[in-house]
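What follows is a set of notes on a single structure, which appears directly below.
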Amino acid sequence: SMLEAAHENDIELEGMNFLMLIKYRACEASLACSTCHVIVMDMEYYNKLEDPTDEENDMLDLAFGLTETSRLGCQVI
Ligand code: FES
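Quick note on the working numbering: the sequence shown kicks off at 169 and runs consecutively.
Right under this line is the structure:
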């Protein structure tokens with residue numbers, strides 16, 4: 169995924185569709201953390217994404233700086 173590529177290559181995604189707040193994936197995408205929190209900057213793009221699952225929303229509630237367009241980066245793209 170784009171997130172994996174950015175993480176592996178230490179690429180900031182700000183200025184694209186995402187503002188990546190923390191570039192870690194502590195739980196390896198198992199929906200047990202919120203360290204992959206991203207804010208989708210482009211509302212049009214955000215609206216094209218699948219809706220978050222209840223499990224993703226539960227983890228997002230724990231994310232620092234939650235916004236209306238926050239997602240867990242490991243669950244999108
Ligand atoms: Fe833990 Fe995305 S890496 S939920």
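Each residue gets a CB set at the ideal place from its N, CA and C atoms; glycine is no exception.
No experiment lies behind these values; they were computed from the predicted model shown.
At a threshold of 7 Å, Thr221 does not count as near ligand 1, since its beta carbon sits no closer than that to any of the ligand's heavy atoms. Here Thr203 is buried: its Cβ has 16 or more other Cβ atoms, across all protein chains shown, within 10 Å. Assignment of Leu228 by DSSP, reduced to helix, strand and coil, places it in the helix class. Every residue whose Cβ sits closer than 6 Å to any heavy atom of ligand 1 is listed here in chain order: Arg193, Ala194, Cys195, Ala197, Leu199, Ala200, Cys201, Thr203, Cys204, Met227, Leu240 and Cys242. Under the 10 Å beta carbon count, Met211 is surrounded by fewer than 16 other beta carbons and is classified as exposed.
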